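Quick note, the numbering used here runs 225 ahead of the 1-based positions in the sequence shown.
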Amino acid sequence: LEGARIAGYQAVSLTLLRDRRYVENARTWAEDIAARCRKVAVERTGLTEADFTIEMRLVGQDATLGPLETGRTVPTEVGVLAIVTAPTEPQAVEIAKILNPYLLHHALTEEEPMPTFAFPFSPAEMSRGAIYEFCLHHVMTLDNPMSAFRLEVSEVGHG
Numbered sequence: 226l227e228g229a230r231i232a233g234y235q236a237v238s239l240t241l242l243r244d245r246r247y248v249e250n251a252r253t254w255a256e257d258i259a260a261r262c263r264k265v266a267v268e269r270t271g272l273t274e275a276d277f278t279i280e281m282r283l284v285g286q287d288a289t290l291g292p293l294e295t296g297r298t299v300p301t302e303v304g305v306l307a308i309v310t311a312p313t314e315p316q317a318v319e320i321a322k323i324l325n326p327y328l329l330h331h332a333l334t335e336e337e338p339m340p341t342f343a344f345p346f347s348p349a350e351m352s353r354g355a356i357y358e359f360c361l362h363h364v365m366t367l368d369n370p371m372s373a374f375r376l377e378v379s380e381v382g383h384g
């Protein structure tokens with residue numbers, strides 16, 4: 226037997242970076258944004274940092290394998306996929322909205338002007354709805370693998 230339950234709700238945003246400095250420093254930029262957003266989200270939503278997650282996947286760099294990625298060439302552009310998981314759908318969307326100005330205008334350093342990046346969609350935040358996790362996995366120990374099943378053979382003939 227297997228079972229699943231709701232494990233939270235997700236909202237996503239996608240930002241596209243083409244500026245060479247930002248592409249080369251996308252991980253640092255994304256981690257800084259996530260850290261800043263976590264603090265603001267705690268203040269605005271009343272959630273604790275343990276109640277929600279902000280995952281930043283760098284599409285075109287390491288979105289599939291994460292730290293296991295071995296190829297380290299610098300791409301022309303990087304898509305930053307922000308995935309917010311929270312206890313309720315409105316909370317996930319609200320945190321994704323808090324991310325919006327950071328994803329659009331966050332500078333690498335405080336000494337440089339505010340950049341502008343691209344959202345391929347408007348509105349930038351998209352609800353993914355509920356996400357699920359396994360909560361039940363039951364195994365039956367048997368002496369004979371067929372003892373859990375009843376086998377019945379019927380022969381049907383023509384005429």
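Ideal placement from N, C-alpha and C gives every residue a C-beta, glycine not left out. None of these values were measured; they are calculated from a predicted model.
Look at residue 316 here: in three-state DSSP terms it is helix. Sequence-distant partners of residue 357 (beyond 5 residues in either direction) whose C-beta falls short of 7 Å from its own C-beta, in its chain, are 229, 230, 231, 232. Cβ neighbours of residue 312 within its own chain (closer than 8 Å, five residues either side excluded): 233, 234, 272, 276, 277.
Three or more beta-carbon pairs separated by less than 8 Å are not found between the region 249-257 and the region 313-322, which leaves the two stretches without contact.
Going by DSSP, residue 303 is part of the beta strand (DSSP E) stretching over 303-311. The three-state secondary structure of residue 333, taken from DSSP, is coil. By the Cβ rule, the region 284-295 does not count as touching the region 262-270, because fewer than three pairs are nearer than 8 Å. Inter-segment contact for the region 356-376 and the region 236-244 is absent: fewer than three beta-carbon pairs are separated by less than 8 Å.
Selection 331, 310, 293 evaluated against residue 258 yields 331 as nearest (Cα-Cα).
In this structure, the straight-line span from the alpha carbon of residue 351 to that of residue 377 is close to 51 Å. Taking the C-beta atoms as reference points, residue 281 is found nearer than 8 Å to residue 305.
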